[in-house]
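Data first, discussion second: the structure below is written as structure tokens.
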Ligand code: ZN
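Residue numbers (this note's numbering): 335 to 496.
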């Protein structure tokens with residue numbers, strides 16, 4: 335088990351477009367293992383390779399539905415809308431309101447080069463979109479907006495519903 339240092343805040347690695355993986359080799363295997371270990375220790379639901387300084391298109395996710403690794407991932411379908419707050423291991427202590435698609439179908443390869451397709455919804459879908467953005471140098475803070483009034487009203491209603 336090896337932990338890698340998570341890059342934070344204004345680290346340039348967080349703002350670059352990553353290159354596709356070309357070799358499914360021992361180095362990729364090690365990177366994916368380290369991403370899972372680092373994500374777990376940091377108590378995150380997802381981690382992208384650029385967050386540990388590797389500018390390649392690799393992410394790992396565990397949004398409560400098992401461990402998922404995606405190499406050279408691609409979103410093939412996006413629909414619906416979910417509204418909510420999210421945070422990021424690269425921006426500790428912060429959170430922001432981000433609107434995302436609620437249903438996302440993503441395909442990608444595992445470390446052995448086998449192709450997988452995941453049909454994701456809710457938090458899993460949010461995590462997929464957040465992590466794939468990292469591969470294009472997009473951090474969620476640039477997508478965050480003020481929560482709309484009707485969203486806040488709904489939250490209020492939930493809190494009052496005892
Ligand atoms: Zn993130």
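The C-beta atom is built at its ideal place from N, Cα and C for all residues, glycine as well.
Cross-strand partners of residue 451 (DSSP beta bridge) = Looking at the DSSP output, residue 451 sits in a beta bridge with 441.
Quick one, which of 385, 406 and 416 has its alpha-carbon nearest residue 468's?
-> Looking at the Cα atoms, 385 is the closest of the given residues.
Give me the Cβ distance between residue 331 and residue 366, rounded to the nearest whole Å; I'm assuming they're in contact under 8 Å.
-> Only positions 335 to 496 of the chain appear in the structure, and residue 331 is not among them; the question remains open.
Between which two residues does the beta strand (DSSP E) carrying residue 411 extend?
-> Taken as a continuous stretch (DSSP letters only), the beta strand (DSSP E) holding residue 411 covers 402 to 413.
Compute the Euclidean distance between the alpha carbons of residue 407 and residue 486, then round it to the nearest angstrom.
-> Taking the straight line joining both Cα atoms gives about 34 Å.
Residue from 440, 390 and 400 whose Cα sits closest to the Cα of residue 411 | Taking only the C-alpha atoms, the option nearest residue 411 is 440.
Who are the Cβ neighbours of residue 447 in its own chain at under 7 Å, not counting the five residues just before and after it?
-> Result list for residue 447: 358, in chain order.
Cβ-heavy atom distance between residue 352 and the ligand ZN below 6 Å?
-> Residue 352 Cβ: outside cutoff for every heavy atom of the ligand ZN.
Span separating the alpha-carbon of residue 417 from that of residue 454 = Residue 417 and residue 454 have their alpha carbons spaced roughly 16 Å apart.
Cβ-heavy atom distance between residue 422 and the ligand ZN below 6 Å?
-> Yes - the ligand ZN has a heavy atom lying nearer than 6 Å to the Cβ of residue 422.
Got a sec, what are the start and stop residues for the alpha helix (DSSP H) residue 416 sits in?
-> Careful: residue 416 lies outside any alpha helix (DSSP H), inside the beta strand (DSSP E) at 416 to 420.
So, helix, strand or coil for residue 374, using DSSP?
-> Correct three-state label for residue 374: helix.
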